[in-house]
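Chains as they are written, first to last, in our numbering: chain A, 355 to 629; chain B, 325 to 584.
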């Protein structure tokens with residue numbers, strides 16, 4: 355299923371004809387994706403499809419080989435480093451592991467972007483940091499060190515840091531991986547809440563179908579470098595494609611085979627050793 | 325043929341690394357003025373890499389000075405020239421041993437810490453996180469550490485030499501009975517402040533400190549983001565840092581010697 359690019363101003367990110375190769379492997383082959391402004395968009399796909407790479411391309415951390423990536427009306431591939439950094443002030447990025455500064459407290463982590471990019475007095479920075487921590491429910495943990503936080507708490511602190519500068523767009527890289535059910539529920543609720551209350555555009559990269567379906571307004575399914583399905587979570591649930599059904603329902607076998615490509619079992623077990 | 329090809333790639337790899345290191349140095353130097361506008365970050369690193377190396381430098385300086393005192397006494401007592409012990413110890417320390425040993429100790433103590441710290445920040449995506457917050461990690465992380473190294477090593481070298489002379493004094497005067505007045509007066513006569521202390525000790529210290537710090541931050545910044553990658557980068561810092569110090573020492577000594 356091909357998704358045609360609609361270049362209206364409703365799109366905060368427009369990716370068209372994206373090609374990216376890593377070594378011999380073609381990661382993206384003429385990929386087209388539009389991210390709607392003010393919505394929560396999920397990008398799903400099996401592990402190793404290049405979802406995180408796509409996120410890094412959208413944020414200018416990785417340059418594609420070909421194609422066009424427009425972020426808020428600016429072609430990210432043609433920006434100078436200074437322009438890119440200026441654009442990133444309008445972006446928040448939640449890394450899979452949080453990427454908190456391990457030698458700084460929770461407070462200092464959240465205060466970091468404010469201290470770097472604003473000349474606010476300490477008293478005001480303190481108030482902003484405490485408000486951001488309040489938004490993620492961790493105001494009481496302001497003086498803890500990252501090593502004292504659980505995985506879910508660390509991700510929430512990283513989220514508070516990501517929204518410290520009131521970004522327009524926020525990227526979540528596998529936000530649900532490795533979390534217990536309660537922490538997962540908290541993160542799902544926060545993504546929705548922050549998106550709606552702060553007027554953000556949220557992009558989630560994940561393969562946790564259930565959680566993503568509960569929070570996303572629209573979802574892209576990508577595989578082997580292309581968009582294979584697009585729609586609301588309900589539309590994807592009812593999709594007739596065998597591949598989409600296998601992915602959405604988490605079936606062990608189907609178009610994506612259970613076995614990694616190999617020679618016949620009998621031939622490998624009893625035949626001449628090839629490697 | 326394959327040996328030649330292998331040598332070709334080794335030389336090419338070395339030149340590539342050498343060139344990349346110089347480009348990294350230019351990038352660091354271009355950010356240095358703005359980094360000096362935030363002295364707090366630099367002072368914090370001077371404390372971390374410099375002040376925290378003090379105990380090691382003091383203990384090493386004391387024992388090197390005492391060994392120098394012992395060796396000098398053994399040699400000079402044969403010619404009844406023990407009065408020259410003070411100047412012998414001071415010149416050895418100021419001209420060669422002080423800068424070189426301090427730099428080697430610094431590479432082992434602080435250079436490795438810098439590499440592993442920055443390398444682990446790379447491996448745990450802290451540097452990528454910083455870039456995503458529109459903060460250049462070279463400006464924020466690398467430059468203050470480089471400046472701190474270049475400032476700390478000459479200071480540590482002077483402390484090393486001072487403690488070394490004290491160690492030599494304790495052993496030769498207090499323990500072996502060399503004349504107190506001869507020890508200091510010979511030193512004052514033979515040690516030149518500009519040529520021996522500033523030129524040899526301080527300039528060598530700055531150059532060695534800059535070289536080790538550059539290698540340490542370069543290796544850390546470009547380390548493979550894995551446990552093995554950081555470990556290899558740390559090893560390279562010590563090995564390349566030690567070799568760089570010895571080569572630079574020869575070059576600087578030749579320049580000073582011919583200039584004298």
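Positions of the beta carbon are idealized from the N, C-alpha and C atoms, including for glycine.
Cutoff 8 Å: residue i Cβ touching any chain A Cβ
i: residue 329 (chain B); result: no
i: residue 580 (chain B); result: no
Contact with chain B by residue i, beta-carbon distance below 8 Å
i: residue 486 (chain A); result: no
i: residue 367 (chain A); result: no
i: residue 508 (chain A); result: no
i: residue 434 (chain A); result: no
i: residue 481 (chain A); result: no
i: residue 420 (chain A); result: no
i: residue 443 (chain A); result: yes
i: residue 502 (chain A); result: no
i: residue 514 (chain A); result: no
i: residue 530 (chain A); result: no
i: residue 470 (chain A); result: yes
i: residue 489 (chain A); result: no
i: residue 453 (chain A); result: yes
i: residue 612 (chain A); result: no
i: residue 449 (chain A); result: yes
i: residue 624 (chain A); result: no
i: residue 382 (chain A); result: no
i: residue 601 (chain A); result: no
C-beta contact flag for residue i and residue j at 8 Å
i: residue 421 (chain A); j: residue 369 (chain A); result: yes
i: residue 412 (chain A); j: residue 367 (chain A); result: yes
i: residue 588 (chain B); j: residue 530 (chain B); result: There is simply no residue 588 (chain B) to check, as chain B begins at 325 and stops at 584 in what is shown.
i: residue 497 (chain B); j: residue 507 (chain B); result: yes
i: residue 483 (chain A); j: residue 506 (chain A); result: no
i: residue 445 (chain A); j: residue 523 (chain A); result: yes
i: residue 630 (chain A); j: residue 576 (chain A); result: Because chain A spans 355 through 629 in this model, residue 630 (chain A) falls outside it and cannot be assessed.
i: residue 509 (chain B); j: residue 418 (chain B); result: no
i: residue 401 (chain A); j: residue 561 (chain A); result: yes
i: residue 436 (chain B); j: residue 569 (chain B); result: no
i: residue 411 (chain B); j: residue 511 (chain B); result: yes
i: residue 352 (chain B); j: residue 466 (chain B); result: yes
i: residue 570 (chain A); j: residue 512 (chain A); result: no
i: residue 390 (chain A); j: residue 365 (chain A); result: yes
i: residue 442 (chain B); j: residue 515 (chain B); result: no
i: residue 441 (chain A); j: residue 431 (chain A); result: no
i: residue 424 (chain B); j: residue 573 (chain B); result: yes
i: residue 414 (chain A); j: residue 433 (chain A); result: yes
i: residue 536 (chain B); j: residue 430 (chain B); result: yes
i: residue 544 (chain A); j: residue 510 (chain A); result: yes
Inter-residue CB distance, residue i and residue j (contact presumed, cutoff 8 Å)
i: residue 572 (chain A); j: residue 393 (chain A); result: 6 Å
i: residue 558 (chain B); j: residue 426 (chain B); result: Actually they do not touch by this definition, with Cβ atoms about 20 Å apart.
i: residue 466 (chain A); j: residue 455 (chain A); result: 7 Å
i: residue 423 (chain A); j: residue 372 (chain A); result: 7 Å
i: residue 533 (chain B); j: residue 571 (chain B); result: Between residue 571 (chain B) and residue 533 (chain B) the Cβ distance is about 15 Å, and since that is not below 8 Å, they are no contact.
i: residue 565 (chain B); j: residue 479 (chain B); result: Wrong, their Cβ atoms sit about 18 Å apart, outside the cutoff.
i: residue 471 (chain B); j: residue 577 (chain B); result: Contact doesn't hold; Cβ gap of about 26 Å is too wide.
i: residue 421 (chain B); j: residue 388 (chain B); result: 6 Å
Output, in sequence order along the chain, the residues in the region 422-452 of chain B whose CB is closer than 7 Å to any CB in chain A. 448, 449, 450 and 452
Short of 9 Å Cβ to Cβ, which residues in the region 457-468 of chain A face chain B? 457, 466 and 467
Threshold first: 3 residues or longer. Then list the beta strand (DSSP E) segments lying entirely within the region 516-580 of chain A, N to C. 523-527, 555-560 and 572-577
Selection of the region 456-470 of chain B by Cβ proximity to chain A, strictly under 8 Å: 456, 457, 458, 459, 460 and 464
Unbroken stretches of the alpha helix (DSSP H), 4 residues or longer, contained in the region 392-432 of chain B: 409-416 and 422-430
Jot down the residue ranges of each uninterrupted alpha helix (DSSP H) in the region 356-427 of chain A, minimum 4 residues, whole runs only, in chain order. 405-412
For the region 395-419 of chain A, which residues have a beta carbon sitting closer than 8 Å to at least one beta carbon of chain B? 413 and 415
Extract the residue ranges of the alpha helix (DSSP H) inside the region 338-371 of chain B, only unbroken runs of 4 or more that lie entirely within it. 363-369
Counting only runs of 4+ residues fully inside the region 511-535 of chain B, write out the alpha helix (DSSP H) ranges in chain order. none
Counting only runs of 3+ residues fully inside the region 435-471 of chain A, write out the beta strand (DSSP E) ranges in chain order. 445-448
Can you list the beta strand (DSSP E) stretches of 3 or more residues lying completely in the region 576-614 of chain A, in chain order? 580-585
What ranges does the alpha helix (DSSP H) occupy inside the region 529-583 of chain B, keeping only unbroken runs of at least 4 residues that lie completely in it? 551-583
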